[in-house]
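Number of protein chains: 2
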Amino acid sequence: MATQPTRADARGNRARILEVAEEVFGRGGSTASTEKVARLAGVGIATVFRHFPTKQMLLEAVLVRHFDHLCQRAQSLAESDDPGPAFFDFFGQIVADAAGKLAIIEAFTDAGGDVDGKAAQGPRDLREAVGVLLRRAQDAGAVRTDIGLDEVHALLVGVSRAVAHIRLDERARARALEIIFDGLAPR
Amino acid sequence: MATQPTRADARGNRARILEVAEEVFGRGGSTASTEKVARLAGVGIATVFRHFPTKQMLLEAVLVRHFDHLCQRAQSLAESDDPGPAFFDFFGQIVADAAGKLAIIEAFTDAGGDVDGKAAQGPRDLREAVGVLLRRAQDAGAVRTDIGLDEVHALLVGVSRAVAHIRLDERARARALEIIFDGLAPR
DNA sequence: GAATATACGGAGTGGGGACTTCGGATGGCA
DNA sequence: TGCCATCCGAAGTCCCCACTCCGTATATTC
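So the sequences go chain by chain: A and B.
For the first sequence, my numbering gives the first residue as 1, with consecutive numbering after it.
For the second sequence, my numbering gives the first residue as 1001, with consecutive numbering after it.
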């Protein structure tokens, strides 16, 4: 299923479907219909199901793609010279990203849940990358040392969910983040 | 629709349906089927629809009930002599409640959204009650004064959602709360 | 303990959405 | 340019679920 098709048009369609799916499921949650994805991608329903035999597999592929992006960002930030800002930047970026991406966050939330699926690899990798960011920030004295990855993960998911669901203006979001950042600072 | 039926058995069924619905929708989200509610309540599907002509109305009724409970709790805490602990207690209680109550949190999240429905009154009342708790806690010097109801609301929703979705052990949840509480403390 | 309004449940009905089928188009290659 | 494997899309099929119909049961009232 995940193998790249040989013909150019098929490759193009696959890519377009993935792109549109991220948009559609991001806006409407995982209950958005596959047909809508097909229509917006400009292909027939059958084409979607040929590339991704199941709606769940399509969702999985979207998530893998998304987590890849996040991981890359985290890894490049992990090489920063300023571990403190790097950590908080990433935190803020994830939260900013979250707005309107319901389904993706939903899946992110399930990180610890379905540990067996291939989709779970993304969250695990991301978790690890965040762990590196966190450890470096703690070593640099920018984050309190009595907390672990679990707590940070919970906060990350929580704020993301909140932002994705509430009509929150820029200022209020920044304030909420500030509160959490203050809570994360060393005692 | 919301009028109490005249016959005793009907009243009983109505109450049982509401109770079961809170449980079912809390566990399975708002996509759980009405038929399941009927089965677990020990009534026919038609009976559910007689009392609540629409699935949405049933959900609405469940939410109104739930928010009533939360409001009462908040209001009784608002009369406490210790405004600081009262505020943080309520915060913790809501979060503890959240585990497994997906649909209710979903609706809570929409507080600012559908301002017109009757169901929106619950969130508004709750918001107001939380506002009182917050103000009193701030006056007592237990909560920093540079934040408002919006930020608290965002945090409340966020943590609740996170707890409801992540498999989070008791300790990690307490830690995440601790971080937020620290962030809420005066500078 | 009958009469009657009220309430009940099971068997539909209709629509929507995931997934399949199959005849037709088309990119890749000689 | 022509062949053919690959890929495509429109029109289904099937199932699930919200919601309705109607004959039956029972709480209430006298």
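Every residue gets a Cβ at the ideal spot worked out from N, C-alpha and C, and that includes glycine.
Check whether residue i and residue j have beta carbons under 9 Å apart
| i | j | result |
| --- | --- | --- |
| residue 172/A | residue 1158/B | no |
| residue 136/A | residue 86/A | yes |
| residue 1045/B | residue 183/A | no |
| residue 1156/B | residue 1078/B | no |
| residue 145/A | residue 1031/B | no |
For residue j and residue i, believed in contact at Cβ under 8 Å, the rounded distance
| i | j | result |
| --- | --- | --- |
| residue 176/A | residue 1151/B | 5 Å |
| residue 36/A | residue 24/A | 6 Å |
| residue 1090/B | residue 1073/B | 7 Å |
| residue 1065/B | residue 1041/B | Not a contact, Cβ separation roughly 15 Å. |
Per-residue burial, residue i [other beta carbons within 10 Å of its own, 16 or more giving buried]
| i | result |
| --- | --- |
| residue 1160/B | buried |
| residue 1051/B | buried |
| residue 1111/B | For residue 1111/B, the pLDDT reaches just 39, beneath the cut-off of 50, and the residue's location in the model is therefore unreliable, although a value from the coordinates is still provided. Answer is buried; the Cβ neighbour count reaches 16. |
| residue 1162/B | buried |
| residue 11/A | exposed |
| residue 7/A | exposed |
| residue 1026/B | buried |
| residue 1004/B | exposed |
| residue 170/A | exposed |
| residue 1/A | Any reading at residue 1/A needs caution, since the residue's pLDDT is 40, under 50, leaving its predicted position unreliable; the model's value is listed next. Per the 10 Å Cβ criterion, exposed. |
Option in the options with minimal Cα separation from residue i
| i | options | result |
| --- | --- | --- |
| residue 92/A | 174/A, 122/A, 20/A and 4/A | 174/A |
| residue 139/A | 48/A, 125/A and 84/A | 84/A |
| residue 1121/B | 1040/B, 1068/B and 1153/B | 1068/B |
| residue 1186/B | 1156/B, 1143/B and 1011/B | 1143/B |
| residue 1033/B | 1071/B, 1055/B, 1009/B and 1043/B | 1055/B |
| residue 963/B | 1153/B, 1123/B, 1146/B and 1014/B | This structure does not reach residue 963/B, given that chain B is present from 1001 up to 1187, and the question cannot be answered. |
| residue 1097/B | 1082/B, 1070/B and 1075/B | 1070/B |
| residue 94/A | 82/A, 129/A, 28/A and 81/A | 129/A |
| residue 153/A | 4/A, 125/A and 28/A | 125/A |
| residue 1075/B | 1022/B, 1009/B and 1131/B | 1131/B |
| residue 43/A | 28/A, 63/A, 30/A and 18/A | 18/A |
| residue 1062/B | 1123/B, 1145/B and 1009/B | 1123/B |
| residue 1039/B | 1181/B, 1020/B and 1141/B | 1020/B |
| residue 1082/B | 1022/B, 1141/B and 1145/B | 1141/B |
| residue 1057/B | 1080/B, 1022/B and 1028/B | 1022/B |
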